[in-house]
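A.B. asks: When you read off a place in the sequence shown, starting at 1, and then add 219, the result is the number in our numbering.
Glycine included, C-beta positions come from ideal geometry on N, C-alpha and C.
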Amino acid sequence: MRPAARHAHVVGRGAPAPHRVGGIRYWEYLTHPAHAHTDRIGMPLVEKYDSHDITDDDDPEMGAKIADLHRRRYESDPELAALVSKEQ
220 MRPAARHAHV VGRGAPAPHR VGGIRYWEYL THPAHAHTDR IGMPLVEKYD
270 SHDITDDDDP EMGAKIADLH RRRYESDPEL AALVSKEQ
């Protein structure tokens with residue numbers, strides 16, 4: 220068994236430097252070619268995949284909105300969806 224690896228990406232105005240990505244919208248982050256490339260090379264290497272989205276937004280619908288973005292991303296990229304579903 221491989222040792223667990225923990226890595227986090229922080230995006231948004233509240234992210235500490237040097238991880239701040241000013242002005243980027245979450246959909247742009249999710250669909251950026253670099254993000255997709257990282258998923259394609261990284262997902263086959265992980266034994267278990269778990270992702271969490273955390274926000275300080277007061278919108279009670281934010282969880283559903285974020286889930287919808289992920290759903291749209293996987294619908295638009297069946298190869299990535301297969302990689303993610305294989306790891307869960």
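Rounded to a whole number of angstroms, what is the C-alpha to C-alpha distance between Y248 and H254?
C.D. replies: 7 Å
A.B. asks: Give the list of continuous alpha helix (DSSP H) stretches no shorter than 4 residues that lie fully inside the stretch 251-300.
C.D. replies: 252-261 and 281-295
A.B. asks: Please list, in chain order, all residues of the same chain as D258 whose beta carbon is under 8 Å from its beta carbon, the five residues on each side excluded.
C.D. replies: Result list for D258: L299, L302 and V303, in chain order.
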